[in-house]
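> According to this note's numbering, the residues represented by the sequence shown are 60 to 330, in order. Positions of the beta carbon are idealized from the N, C-alpha and C atoms, including for glycine.
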Amino acid sequence: GAEVCVISKMPPGAPNCTTRAWGGFTYSTDETADELFAQIVETGGFLSNQKLVQVLVEEVPRALAAMAELGIEMDEPMLSAPEMPGIVRWSYRGKDSGQTMTDLARGAAEDLGARFLCETVATRVLTDEGRVAGVAAVDLKEMKPVAFQAKSVVIATGGGARLWPRTDNPEGTTGDGMVLAYCAGAELVDLECVSFGFPKQRLSEVFDAPEVPCDPLLDLGHAHYFLGGVKIGPSGETTLPGLYAAGEVSGGLFGAARLGGSALADVVIFG
Numbered sequence: 060g061a062e063v064c065v066i067s068k069m070p071p072g073a074p075n076c077t078t079r080a081w082g083g084f085t086y087s088t089d090e091t092a093d094e095l096f097a098q099i100v101e102t103g104g105f106l107s108n109q110k111l112v113q114v115l116v117e118e119v120p121r122a123l124a125a126m127a128e129l130g131i132e133m134d135e136p137m138l139s140a141p142e143m144p145g146i147v148r149w150s151y152r153g154k155d156s157g158q159t160m161t162d163l164a165r166g167a168a169e170d171l172g173a174r175f176l177c178e179t180v181a182t183r184v185l186t187d188e189g190r191v192a193g194v195a196a197v198d199l200k201e202m203k204p205v206a207f208q209a210k211s212v213v214i215a216t217g218g219g220a221r222l223w224p225r226t227d228n229p230e231g232t233t234g235d236g237m238v239l240a241y242c243a244g245a246e247l248v249d250l251e252c253v254s255f256g257f258p259k260q261r262l263s264e265v266f267d268a269p270e271v272p273c274d275p276l277l278d279l280g281h282a283h284y285f286l287g288g289v290k291i292g293p294s295g296e297t298t299l300p301g302l303y304a305a306g307e308v309s310g311g312l313f314g315a316a317r318l319g320g321s322a323l324a325d326v327v328i329f330g
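1. Excluding five sequence neighbours on each side, which residues of the same chain lie with their C-beta closer than 7 Å to the C-beta of residue 232?
2. Quick check: the Cα distance between residue 144 and residue 201, rounded to an integer number of angstroms?
3. Given a cut-off of 8 Å, decide if residue 287 and residue 318 are closer than it, judged by their beta-carbon atoms.
4. Can you tell me whether residue 252 is buried or exposed? The criterion is at least 16 other CB atoms within 10 Å of its CB, across all chains shown.
5. Could you tell me the distance, in whole angstroms, from the CA atom of residue 239 to the CA atom of residue 268?
6. Which value, in whole angstroms, describes the spacing of the CA atoms of residue 183 and residue 204?
7. Pop quiz: residue 208 and residue 78 are said to be a contact at Cβ under 8 Å. What is the actual Cβ separation, rounded to whole angstroms?
8. For residue 98, is the classification buried or exposed, using 16 other Cβ atoms within 10 angstroms of its Cβ as the cut-off for buried?
9. For residue 296, which residues does DSSP report across the bridge?
10. Report all residues from its chain with a CB closer than 7 Å to the CB of residue 66; omit the five preceding and five following residues, and keep chain order.
11. Hey, residue 189 and residue 206: beta-carbon distance below 8 Å or not?
12. Report, in whole angstroms, the separation of the C-beta atoms of residue 312 and residue 107, which I expect to be a contact under 8 Å.
13. Could you tell me the distance, in whole angstroms, from the CA atom of residue 327 to the CA atom of residue 301?
14. Our contact map puts residue 325 next to residue 306 with C-beta atoms below 8 Å; I'd like the distance itself, whole angstroms only.
15. Which residue or residues does DSSP assign as beta-bridge partners of residue 419?
16. Give a yes or no on whether the C-beta atoms belonging to residue 131 and residue 163 are separated by under 8 Å.
17. Count the other CB atoms within 10 Å of the CB of residue 68; is the residue buried (16 or more) or exposed (fewer)?
18. Looking at C-alpha atoms only, which residue of 73, 215 and 70 is the closest neighbour of residue 303?
19. For residue 70, which residues from the same chain have a beta carbon less than 7 Å from its beta carbon, with the 5 sequence-adjacent residues on both sides left out?
20. Going residue by residue through the segment 178–252, where are the continuous alpha helix (DSSP H) segments of at least 4 residues, counting only ones entirely within it?
21. Which value, in whole angstroms, describes the spacing of the CA atoms of residue 61 and residue 101?
22. Identify, in the order they occur along the chain, each residue of the same chain with its Cβ nearer than 7 Å to the Cβ of residue 256, setting aside the five sequence neighbours on each side.
23. Quick one: Cα of residue 199 to Cα of residue 235, how far?
24. Apply the 10 Å Cβ neighbour rule to residue 123 and answer buried if 16 or more other Cβ atoms are within range, or exposed otherwise.
25. Exposed or buried, residue 278, counting other C-beta atoms within 10 Å across all chains shown (16 or more means buried)?
26. Mind checking residue 72: buried by the 16 CB within 10 Å criterion, or exposed?
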C-alpha cells in the first residue's frame, strides 16, 4: 500500500551495471548453503558482516523463484568456472543478462503503481529529529528544484567506479549515494575495498619484469566494483532511521573481495 517514486539522474534507457551484467548468479541449495557461506567469508578476507552473508545464502533459492515468476528465463545450474574461487558455487546464467531482469522488474513495479522520474538528481536526504523526512532533488530537464516528502528512502545508486579514469562501469556510477547517505548522518563501511580487473597478460608482464614498474599498478587495470559503501543491516537498514541502501551502494556484505556472480544475487536479495 505504500506510494513509491523512483528517481534517477540518468535519462530513460541509460545503461547501468545491472543491465550490463552477463547473467551469472551465485547459487546454492539448502545442502550447499554452509559451503557457500564459508566461501564468501573467506574470499572477502573475513571482513564480511556475516549476518548479511547468512541472509544471502538462505534467500538465493527464493530469489531465483521470484525472478522466474517475473518471467526471467534461466539456464540449468552449472558448476563454477575453474578459475573461480571454490568448488561448490553454482551459477544461473540469464539468457538475456541483466537487461531482461531490469526491464521485467521495472514493469512489475509500474504495474503495482510505482512512478519513475528520470533525469532527476537527488541532492540531499532530508531529515527531521534524527530520522528521514524526504529527498531534495533537481529536475534536470526543467532545471528546477523539487522535494519529496517520505518516511522512508531507499538509496540504490550503484557504486563509484567512474571515479577512476579506467573503468568498465557505465556513466552514472559516481558514488552519489554514498555521499547522500554520509551527509545525512548514516555510517559508511569498507570504503578502502574496491575491486579492479587486470588483463592476465599485463599482470604477467609486471611480475616477470626485472624491475618494479614506475607506473602505479592500478593504472594497468580498470575499476570494476565498489565493495564498501553505506553500512546496512540484514533488512537493508542503515544507521539512520528511515534510510535504506540496496545493491552496490551498500557495504559490508562482501568484505575485501567477492565471488563472481554474487553481485546480481546481492541486487535481487537486498534490493
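Considering the structure as presented:
1. Within the sequence shown, the letter at position 173 stands for residue 232. Closer than 7 Å at the Cβ level, and outside the excluded window around residue 232, lie 76, 217, 218, 219, 220 and 221.
2. Position 85 of the sequence shown, counted from the start, is the residue given in the question as residue 144. Position 142 of the sequence shown, counted from the start, is the residue given in the question as residue 201. In this predicted model, residue 144 has a pLDDT of only 40, less than 50, meaning its place in the structure is not dependable; the value taken from the coordinates is given anyway. Going by the C-alpha atoms only, they are around 49 Å apart.
3. Here residue 318 refers to the residue found at position 259 of the sequence shown. Here residue 287 refers to the residue found at position 228 of the sequence shown. Not in contact: residue 318 and residue 287 (Cβ atoms no closer than 8 Å).
4. Against the sequence shown, residue 252 aligns to sequence position 193. So residue 252 ends up on the buried side.
5. Position 180 of the sequence shown, counted from the start, is the residue given in the question as residue 239. Position 209 of the sequence shown, counted from the start, is the residue given in the question as residue 268. Their backbone Cα atoms lie some 43 Å apart in a straight line.
6. Residue mapping note: residue 183 aligns to position 124 of the sequence shown, counting from 1. Residue mapping note: residue 204 aligns to position 145 of the sequence shown, counting from 1. When rounded, the distance between both Cα atoms is 11 Å.
7. Position 149 of the sequence shown, counted from the start, is the residue given in the question as residue 208. Position 19 of the sequence shown, counted from the start, is the residue given in the question as residue 78. About 30 Å separates the two Cβ atoms, so there is no contact after all.
8. As a first step, residue 98 must be located in the sequence shown, where it is residue number 39. Classification of residue 98: buried, given that the 10 Å Cβ count is 16 or more.
9. The count along the sequence shown starts at 1 and reaches residue 296 at position 237. Beta-bridge pairing links residue 296 to 303.
10. Within the sequence shown, numbered from 1, the residue matching residue 66 stands at position 7. Cβ neighbours of residue 66 beyond the five flanking positions: 176, 179, 181 and 196.
11. Here the question's residue 189 lines up with position 130 in the sequence shown. Here the question's residue 206 lines up with position 147 in the sequence shown. Cβ atoms of residue 189 and residue 206: not closer than 8 Å.
12. Here the question's residue 312 lines up with position 253 in the sequence shown. Here the question's residue 107 lines up with position 48 in the sequence shown. About 6 Å; that satisfies the 8 Å criterion.
13. For the purposes of this step, residue 327 is taken as residue 268 along the sequence shown, with counting starting at 1. For the purposes of this step, residue 301 is taken as residue 242 along the sequence shown, with counting starting at 1. Each residue's alpha carbon lies about 21 Å from the other.
14. Walking along the sequence shown from the start, residue 325 turns up at place 266. Walking along the sequence shown from the start, residue 306 turns up at place 247. About 6 Å; that satisfies the 8 Å criterion.
15. Since the first residue of the chain shown is 60 and the last is 330, residue 419 is not available in this structure.
16. Working through the sequence shown from its first residue, we reach residue 131 at position 72. Working through the sequence shown from its first residue, we reach residue 163 at position 104. A contact, by the Cβ cut-off of 8 Å.
17. Position 9 of the sequence shown, counted from the start, is the residue given in the question as residue 68. So residue 68 counts as buried.
18. Within the sequence shown, residue 303 is the residue found at index 244, counting from 1. It is 215 whose Cα lies nearest to the Cα of residue 303.
19. As a position in the sequence shown, residue 70 is number 11, starting the count at 1. 177 and 178, listed in sequence order.
20. 235–243
21. By 1-based counting over the sequence shown, the position of residue 61 is 2. By 1-based counting over the sequence shown, the position of residue 101 is 42. Roughly 39 Å between the two C-alpha positions.
22. Here the question's residue 256 lines up with position 197 in the sequence shown. Correct list, in chain order: 227, 280, 281 and 283.
23. Along the sequence shown, read from residue 1 onward, the residue named residue 199 stands at position 140. Along the sequence shown, read from residue 1 onward, the residue named residue 235 stands at position 176. Roughly 16 Å separates the two Cα atoms.
24. Here residue 123 refers to the residue found at position 64 when the sequence shown is read from its first residue. Buried, since its Cβ has 16 or more Cβ neighbours within 10 Å.
25. As a first step, residue 278 must be located in the sequence shown, where it is residue number 219. The residue in question, residue 278, is exposed, as its Cβ has fewer than 16 Cβ neighbours within 10 Å.
26. Working through the sequence shown from its first residue, we reach residue 72 at position 13. Exposed, because fewer than 16 other Cβ atoms sit within 10 Å of the Cβ of residue 72.
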